[in-house]
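Undergrad:
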Amino acid sequence: MDTFLGALVEGILHGGIYALLALGLVVIYKSSHVFNIAHGEIMMFLAYFMVFLVSSQDLPIGLSFLLVIAVGAGVGLACERIFLRPLIGKPMLITFMVALVMGILIRSIAILWHGGAPQTIALFPSGYIRVGDLSFSSTLVWSFVIALAMFLLFMLVFRYSKVGLGMRCVAEDHQTSQSLGIDVKKVFALSWAIGGSMAAIGGVLLGSLT
Numbered sequence: 082m083d084t085f086l087g088a089l090v091e092g093i094l095h096g097g098i099y100a101l102l103a104l105g106l107v108v109i110y111k112s113s114h115v116f117n118i119a120h121g122e123i124m125m126f127l128a129y130f131m132v133f134l135v136s137s138q139d140l141p142i143g144l145s146f147l148l149v150i151a152v153g154a155g156v157g158l159a160c161e162r163i164f165l166r167p168l169i170g171k172p173m174l175i176t177f178m179v180a181l182v183m184g185i186l187i188r189s190i191a192i193l194w195h196g197g198a199p200q201t202i203a204l205f206p207s208g209y210i211r212v213g214d215l216s217f218s219s220t221l222v223w224s225f226v227i228a229l230a231m232f233l234l235f236m237l238v239f240r241y242s243k244v245g246l247g248m249r250c251v252a253e254d255h256q257t258s259q260s261l262g263i264d265v266k267k268v269f270a271l272s273w274a275i276g277g278s279m280a281a282i283g284g285v286l287l288g289s290l291t
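Numbering-wise (this note's numbering), the sequence shown opens with residue 82 and increments by one.
#1: Near Ala252, which residues of its chain fall below 6 Å by C-beta distance, leaving aside the five closest residues on each side in sequence?
#2: What first and last residue would you give for the alpha helix (DSSP H) that runs through Ser136?
#3: Tell me whether the region 113-133 and the region 143-155 touch, counting them as touching only if at least three CB pairs, one residue from each stretch, are closer than 8 Å.
#4: Candidates Met279, Gly288, Ser219 and Ser272: which alpha carbon is nearest Glu161's?
#5: When burial is assigned at 16 or more other CB atoms within 10 Å of the CB, is Ser258 buried or exposed?
#6: Just to confirm before moving on: does the CB-CB distance between Ile93 and Phe225 stay below 9 Å?
#7: When you compare the CB positions of His114 and Met173, do they come within less than 9 Å of one another, or not?
#8: What does Ile210 pair with, by DSSP beta-bridge criteria?
#9: In chain order, what residues of the same chain have a beta carbon less than 6 Å from the beta carbon of Gly87, not counting five sequence neighbours either side?
#10: For the candidate residues Arg166, Ala119 and Phe85, whose alpha-carbon lies nearest to that of Val268?
#11: Looking at the structure shown, is Gln200 part of a helix, part of a strand, or coil, going by DSSP?
#12: Below 8 Å on the Cβ atoms is my guess for Ile202 versus Ser137; work out the distance and round it to an integer in Å.
#13: Among Leu286, Ile282, Leu287 and Ala274, which one has its Cα closest to the Cα of Asn117?
The structure is reproduced here in structure tokens:
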């Protein structure tokens, strides 16, 4: 019974991190109607960037994490502006293929940069947290806490802010949103920036678990 319960809780903890990554994917799709198949490659690239900042540049982990989140937002903005914005209104298959090529390009850059070798990010002190007869990796628990905090923060902004209201309107109907004075292209850019930052957070958290 303890083995089953431990596996169940550990699955939930891992699932929280994957849920954050999925949320970034959904935000992009709902706003711009583009299935960003390159989301995983962006996540991987940003995790490698975290390794670069900590290992090669000797920056503090906290500062590196914040920089990676900012770079993730910038990568999302760049992908939207360079690759996807010129394709607004085009068939979904075209945008899907462009996103596929974008992912291949990002993966190739990461392999040329780091050689594709597995890397580990020591984001938290190693150890275990015991709950009764069960024990869980402290890295996994803290990663889940951060993912949950980011998820709740996004939901609060999405639900109660003007920015969130604009994103919800655009997700429902682009033309109606424009008629209401909402800058749809800015919402697209913001959505990709959010997706990129979530890929950064998720990539670093997953990298700390490997």
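Ideal placement from N, C-alpha and C gives every residue a C-beta, glycine not left out.
TA: In terms of the structure at hand:
#1: Cβ neighbours of Ala252 beyond the five flanking positions: Lys111 and Ser112.
#2: Bounds of any alpha helix (DSSP H) do not take in Ser136, whose DSSP letter is neither H nor E.
#3: Yes, the region 113-133 touches the region 143-155.
#4: Nearest option by C-alpha distance: Ser272.
#5: Counting Cβ neighbours within 10 Å, Ser258 comes out buried, since at least 16 surround it.
#6: Yes. Within cutoff.
#7: Yes, these two residues count as a Cβ contact at 9 Å.
#8: Bridge partners of Ile210: Phe217.
#9: Answer for Gly87: Leu215, listed in chain order.
#10: For Val268, the closest alpha carbon among the candidates Arg166, Ala119 and Phe85 is that of Arg166.
#11: In this structure, DSSP gives Gln200 a state outside helix and strand, which the three-state scheme calls coil.
#12: Distance from Ile202 to Ser137 at the Cβ level is roughly 13 Å; contact not present, criterion being Cβ atoms closer than 8 Å.
#13: The option with the nearest alpha carbon to Asn117 is Ala274.
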